[in-house]
Structures are given as C-alpha cells and as structure tokens.
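S.K.:
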Amino acid sequence: MSKVKNIEKYNPVKQSVVTIGTFDGVHIGHQQIVNRLIESTKDNDLASIILTFFPHPRMVLQKDANIKLLNTISERRTILDALGLDYLLIKTFSFDFSRLTAEDFVKDILVDKLRVKKVIIGYDHRFGRNRNASIDDLKRFGALYHFDVEEISAQDINAVAVSSTKIRKALSTGDIVKANTYLGYRFMITGTVVRGKALGRKIEFPTANIKVSEDYKLIPKQGAYIIETLIDKIPVFGMMNIGVNPTVNGNEQTIEVHFFNFDKDIYDTEIQIHLIDRIRDEHKFESIEALKEQLFKDKAYTLNFLKTYYNHE
40 MSKVKNIEKY
50 NPVKQSVVTI
60 GTFDGVHIGH
70 QQIVNRLIES
80 TKDNDLASII
90 LTFFPHPRMV
100 LQKDANIKLL
110 NTISERRTIL
120 DALGLDYLLI
130 KTFSFDFSRL
140 TAEDFVKDIL
150 VDKLRVKKVI
160 IGYDHRFGRN
170 RNASIDDLKR
180 FGALYHFDVE
190 EISAQDINAV
200 AVSSTKIRKA
210 LSTGDIVKAN
220 TYLGYRFMIT
230 GTVVRGKALG
240 RKIEFPTANI
250 KVSEDYKLIP
260 KQGAYIIETL
270 IDKIPVFGMM
280 NIGVNPTVNG
290 NEQTIEVHFF
300 NFDKDIYDTE
310 IQIHLIDRIR
320 DEHKFESIEA
330 LKEQLFKDKA
340 YTLNFLKTYY
350 NHE
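Residue 82 in this note's numbering sits at position 43 of the sequence shown, with consecutive numbering throughout.
1) Are F92 and V145 close, meaning C-beta to C-beta below 8 Å?
2) What residue from E332, K331, D316 and A329 has the CA that sits closest to N343's CA?
3) Can you tell me where the beta strand (DSSP E) with R96 in it begins and where it stops?
4) Would you say the region 139–159 touches the region 47–57, given that touching needs at least three Cβ pairs under 8 Å?
5) Pairing CB atoms from the region 300–313 with CB atoms from the region 270–277, are three or more of them under 8 Å?
6) From this set, G161, D120, M278 and R170, which residue's C-alpha is nearest A141's C-alpha?
7) With DSSP run on the structure shown, which of helix, strand or coil describes N219?
8) Which of the three DSSP states is assigned to H297 in this structure?
9) Curious, which full-length beta strand (DSSP E) runs of at least 3 residues does the region 220–293 contain?
10) Taking 8 Å as the cut-off, decide whether the C-beta atoms of R234 and L109 are in contact.
11) Taking the C-alpha atoms as reference points, what is the distance between T58 and D337?
12) By the three-class DSSP mapping on this structure, what secondary structure does V145 have?
13) Just the Cα atoms here: how many angstroms apart are E332 and S133?
14) Let me make sure I understand the geometry here. Which of I106, N290, Q292 and F298 has the alpha-carbon closest to that of M278?
15) Counting only the same chain and skipping the five closest in sequence on each side, list residues whose C-beta sits under 6 Å from that of L330.
16) DSSP three-state call for Q311: helix, strand or coil?
17) Using 8 Å as the threshold, is the C-beta distance between Y264 and I310 below it?
18) For G68, report the span of its alpha helix (DSSP H) as first-last.
19) Between which two residues does the beta strand (DSSP E) containing K107 stretch?
20) Within 10 Å of its beta-carbon, does E295 have 16 or more other beta-carbons around it, so buried, or fewer, so exposed?
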C-alpha cells in the first residue's frame with residue numbers, strides 16, 4: 040500500500056527510484072511514468088517514490104487562489120496505491136523553497152533525504168531556482184552524486200496526447216466520459232456526508248449532502264450525474280446533482296446524491312463518489328411536482344443505463 044508522508048518525516052530504509060511532479064489527475068500519461076518507475080524498482084530492492092509539492096507552486100508564486108486541481112491528496116493516494124507505488128512524498132512548497140538552487144535541491148533532498156539511485160523524468164523537466172536547471176544539469180549532478188537519470192523522450196510523452204488542462208476543460212463542460220477516458224479511471228469527488236434541508240426526502244428522493252473540504256478541488260459543471268461509490272466495501276449506485284436547486288430558489292452550490300436501494304445512516308462519513316456519466320443540465324422547474332416527475336425519469340434512465348453499461352463493460 041502506498042504511503043503518503045511529508046518528506047520531513049520520511050526515513051529511508053533503502054535506496055529509491057524517484058520521479059518529480061504535481062501529477063494532478065494521475066491521468067493515463069502520468070500512469071505510464073508511474074508504471075515505468077515501479078518497474079525500475081523490481082528485483083533491485085528499491086523504493087518507488089513520487090516527490091510532489093503542496094500547495095501547488097502557482098498558489099504560492101503567482102498567488103493563484105483560483106487554481107482548481109483534479110485530485111485532493113487523498114484521492115491521488117487512492118489512484119497511486121492501485122498502481123502499486125510505495126511512497127507519495129509531499130514537500131511543502133514555499134517561497135523560500137522556490138529559492139533553493141538546483142544543486143542544493145539535488146544534494147539535500149534527492150541524495151541525502153531520499154537516497155536516490157535513479158531519477159525518471161521528462162525531457163523538458165525544469166527545476167531549481169527560477170526553474171533554470173534542465174535535464175542535462177540533472178544528468179551532470181547524477182554523475183557527481185552517483186545516481187542514474189532516465190529521460191522520458193518527447194516521443195514517449197507525446198504518444199499519449201493527454202494533459203491535465205484537457206481534462207479540466209472536459210469536466211468544465213460536463214463531458215465526464217471524455218474526462219474519464221483521459222484519466223483512465225472515473226473522476227472522483229471525496230467529501231463528508233452532512234445534514235441538509237431534507238427537501239429530497241419529502242419528494243421520495245432523499246439525498247446525502249456532500250461537503251468537500253478542499254476548496255482547491257475542481258467540481259464539474261453543474262447538472263445531474265450517474266455515480267457509484269463504495270460504502271462498507273459494497274458498491275452503491277445513484278444519481279448526483281451539482282447545482283443551486285433553482286426550483287426552490289437556492290443560491291449556494293451543493294452536491295447531493297440520491298442512492299438506490301440504500302437506507303443507512305452515513306452522516307459524518309467520508310465517501311468517494313465516482314462519476315460514470317452525465318444525465319442533463321440543472322433546470323428550474325415550474326413546481327416541486329414537475330421536479331419530482333423529472334427525477335423519476337432520471338432514475339429510470341439511470342437504471343437502464345447501468346444495466347446496459349455493466350453488460351458491456
């Protein structure tokens with residue numbers, strides 16, 4: 040199982056193979072790098088490590104508070120754990136850290152802290168103060184400090200025409216199928232079930248209200264979605280609405296999930312919701328009855344979709 044640690048608390052027991060980056064989304068392009076990383080540790084008694092930075096450098100250097108990320112740290116761990124990574128190590132990114140020279144970064148962190156044996160990195164990787172060091176500099180430091188550098192070529196990187204930016208765009212337009220294709224897994228939203236106004240229960244559609252604590256987490260376009268989650272290790276399906284509930288004159292965005300065939304008390308429980316497909320935009324209906332009628336149609340559509348989906352998956 041992969042472990043998430045602040046790098047300051049990491050005490051290496053063996054040498055490591057390391058790659059460096061944000062890995063936001065851990066999409067299919069990232070997964071190729073991670074698989075290469077893990078493969079390099081086999082038969083060599085080495086630890087596989089992703090070194091990442093948090094907060095995102097743009098939040099610190101550009102004061103970009105509006106940047107939205109595809110994954111929270113816990114979600115990133117879930118994905119990397121499934122791939123077989125040993126450690127996701129987090130280095131707190133600060134202005135002072137950004138002033139660290141490339142050689143100090145290599146010696147203090149890669150060599151002394153991580154006991155690096157090999158670094159696997161993209162051909163265009165830049166690092167150090169003002170990002171002024173290149174992969175050629177890293178290779179020079181490798182020769183000096185006795186570690187190997189494996190370069191991921193432009194051809195290898197471009198072979199998978201995926202970027203976190205493309206995924207964010209797909210999610211912002213509600214194209215969850217395209218986003219999931221790029222990600223290589225279902226986009227997830229992690230949050231805690233909190234008490235709402237219980238309006239859904241009055242119209243036969245009780246909902247779990249999901250509070251996402253991390254304000255940097257990207258939330259897809261408003262609308263209704265088909266979802267799946269695991270509760271007590273059992274898959275539960277349902278419909279999720281992201282929106283402001285305009286039919287009842289709501290004005291704050293909420294995330295509400297109606298689960299099928301489920302009636303347990305899960306208040307204060309953290310759950311991961313996996314988005315399968317999108318049903319429709321959010322609408323303001325003429326009445327509560329009209330909304331209720333639409334929800335029954337949505338449910339019938341969703342149940343039929345899931346039946347077909349799982350027969351062909």
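Yeah, the Cβ is synthetic: ideal placement off N, Cα and C, and Gly gets one too.
Given the structure is predicted, the values throughout are model-derived calculations rather than measurements.
M.R.: According to the data block:
1) no
2) D316
3) In the sequence as presented, Arg is not what sits at residue 96; that position holds Pro. Not the beta strand (DSSP E): P96 falls in the alpha helix (DSSP H), residues P96 to L100.
4) Segments in contact, yes.
5) Taking 8 Å as the limit for Cβ pairs, the verdict is that the region 270–277 does touch the region 300–313.
6) R170
7) helix
8) DSSP, reduced to helix, strand and coil, places H297 within a strand of the structure shown.
9) 227–233, 247–250, 262–270 and 273–282
10) no
11) 44 Å
12) helix
13) 52 Å
14) F298
15) T286 and F324
16) strand
17) no
18) I67 to T80
19) From DSSP, K107 is part of no beta strand (DSSP E); its letter is neither H nor E.
20) So E295 counts as buried.
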